[in-house]
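Asks: Residue numbers (this note's numbering), protein chains in the order written: chain P, -15 to 127; chain U, -15 to 127.
We put the beta carbon where it would ideally sit given N, CA and C, even for glycine.
Protein chains: 2
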Amino acid sequence: MVWKTISKKLDENEYRLTPQREVILQVMIDNRGKHLSADEVYIEARGKSSNIGIATVYRTLEKLASIDVLYKTIFEGGKYRYELSLGESHQHHHIICLQCGHISEVEEDLLHNLEIHLEKQGYKILDHELKFYGYCPQCNPKN
Amino acid sequence: MVWKTISKKLDENEYRLTPQREVILQVMIDNRGKHLSADEVYIEARGKSSNIGIATVYRTLEKLASIDVLYKTIFEGGKYRYELSLGESHQHHHIICLQCGHISEVEEDLLHNLEIHLEKQGYKILDHELKFYGYCPQCNPKN
DNA sequence: ATGTAATTGATAATGATTATCAAAATCAGG
DNA sequence: CCTGATTTTGATAATCATTATCAATTACAT
Ligand SMILES: [Mn+2]
Ligand SMILES: [Mn+2]
Ligand SMILES: [Zn+2]
Ligand SMILES: [Zn+2]
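Below, the structure written as C-alpha cells:
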C-alpha cells in the first residue's frame, strides 16, 4: 500500500526508482514516525546496501521532499530532518521534549480559526508549522 | 524606557554593558520588528563602531537571547535570526510570505486550547513556535 | 597601583549542506 | 542486442554559518 502510493507519486513526477533511491525510501518507511537527519538515513542505508554515497542521500531526500513523499523540517540545532509524509497535505505539529529531546506529534488542527483571521487581513495562508516545547509525559516532573 | 528595561535584565544576570554590547543592543533597538541574522547585525554594528569582531556579535546575541532580551529563531534556509523581545514571554508567531519573503507577526494566541489538550495527555508545555507560510496582502493574487 | 577575572577580536576548526565532475548506469531508437 | 545520448551516482572540493581557541586588552576589586 505504502509502496504503491509512492510509486504513483514517483511516476507522476518522472522520477526513476533506482536501487539507491529504493534503499533510501525503505529506510524512511522502516522509520515511520521518526524524524531522521540526512546522515542518519545515510548510516541506515549503508547497512542495507553498503555502496551508497552521502551526496545521493542528500539529493534523494531533497527530491522526495519536493514531491511531497517526505516532509522536511528544521529543528533547533539547525539541521534538517525528514519523515515519510503520505497524503497529509498540511497540518502536522511537533512536541519537542526539552529534557530528553523526544519529538512526538500532534494531529489536531486547531489553527483554522487563526488562519481565517489572517485571511480576513488579506493574507493567503498555504501552510503552517507549529512546534511546542516542553516536557513529554515521561519527563514531566508532575507525573 | 527600553534601555531601562534592558539594563535591569543585564544587572539581574550580572552581564556587563561593554561598549561593544551597547552597540549591538542599539542595532537591535533600531531594528525593532525586523529579524536580523548575526552578519546583518555585524554589518550595522560596524557602521556605528567600526572595530567590533564577528565573534563578539555571535557571543553577544547568544547571551542576550539566553536572558530573554532577544528572541532567537531559525527560519527556512537554516540560519538563526534575532529580534528584540521585551517581556513577551511566550506567544509570538510569524507569517512568512512565500513570494517576497517578508516576515510579519501574529500576536493572537489561539493556541491555548491545544496546549490544554496536550497537558491533559501528560505533557508540560513551556513554549511554542508557530510559522505560517503563504502570501502577504501585497503578494496575494486575490488582492 | 596591582593582580585577577572577564571580554574581545583574529583566526582556525567544525559541521552540515551544496557544487563539481568524471565514471557508471539507464534508456530509446535502430 | 548495439550505441550514442541522457541521467544518475559517488568521491571530493567548496561553501556557509556557527563555534572554539587563545593571546591581548580591558575592567574590577582590593
Ligand atoms: Mn513529524
Ligand atoms: Mn518576530
Ligand atoms: Zn522527554
Ligand atoms: Zn509578500
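Would you mind telling me which residues of chain P sit closer than 7 Å to Asn124 (chain U), beta carbon to beta carbon, in chain order?
Replies: Gly106, Tyr107, Lys108
Asks: Would you report the Cα separation of Lys56 (chain U) and Ala22 (chain U), rounded to the nearest angstrom?
Replies: 11 Å
Asks: Pick helix, strand or coil for Glu46 (chain U), following the three-state DSSP scheme.
Replies: helix
Asks: At a cut-off of 7 Å, would you count His112 (chain U) as near ligand 1, judging by its Cβ distance to the nearest heavy atom?
Replies: Outside the cutoff, so no.
Asks: Run the CB neighbour count on Thr(-11) (chain U), radius 10 Å, all protein chains shown included, and call it buried at 16 or more, exposed below.
Replies: exposed
Asks: Please list, following the chain, all residues that have a C-beta closer than 6 Å to any non-hydrogen atom of ligand 2.
Replies: U:His19, U:Glu67, U:His76, U:His78, U:Glu89
Asks: Inspect the CB distances between the segment 29 to 41 of chain U and the segment 8 to 15 of chain U and report whether three or more fall short of 8 Å.
Replies: yes
Asks: Less than 7 Å between C-beta atoms, sequence neighbours within five positions excluded: which residues of the same chain meet that for Leu(-6) (chain U)?
Replies: Leu1
Asks: Whose CA, out of U:Glu6, U:Lys126, U:Pro3, U:His78, lies closest to the CA of Glu89 (chain U)?
Replies: U:His78
Asks: Taking only heavy atoms of ligand 4 into account, decide whether any of them is closer than 7 Å to the Cβ of Tyr117 (chain U).
Replies: no
Asks: Nearest CA to the CA of Arg5 (chain U): which residue from U:Thr44, U:Asp14, U:Leu20, U:Lys18?
Replies: U:Thr44
Asks: From which residue to which residue does the beta strand (DSSP E) around Thr(-11) (chain U) run?
Replies: For Thr(-11) (chain U), no beta strand (DSSP E) segment is defined; the enclosing uninterrupted segment is the alpha helix (DSSP H) at -14 to -4.
Asks: So what does DSSP say about Gly31 (chain U), is it helix, strand or coil?
Replies: helix
Asks: For His86 (chain U), which residues in chain P fall below 8 Å Cβ to Cβ?
Replies: Within 8 Å Cβ-Cβ: nothing; His86 (chain U) doesn't reach chain P, min ~11 Å.
Asks: Closer than 7 Å to a non-hydrogen atom of ligand 3 - does that hold for the CB of Gln105 (chain U)?
Replies: no
Asks: Are there any heavy atoms of ligand 3 lying less than 7 Å away from the beta-carbon of His86 (chain P), as far as the coordinates show?
Replies: yes
Asks: For Lys104 (chain U), count the other beta carbons within 10 Å of its own beta carbon; 16 or more makes it buried, fewer makes it exposed. Which is it?
Replies: exposed
Asks: Which of helix, strand or coil does DSSP assign to Ile87 (chain P)?
Replies: strand
Asks: Along chain P, in chain order, which residues have C-beta atoms closer than 8 Å to that of Lys47 (chain U)?
Replies: Here the premise fails: no neighbours, minimum Cβ distance about 17 Å.
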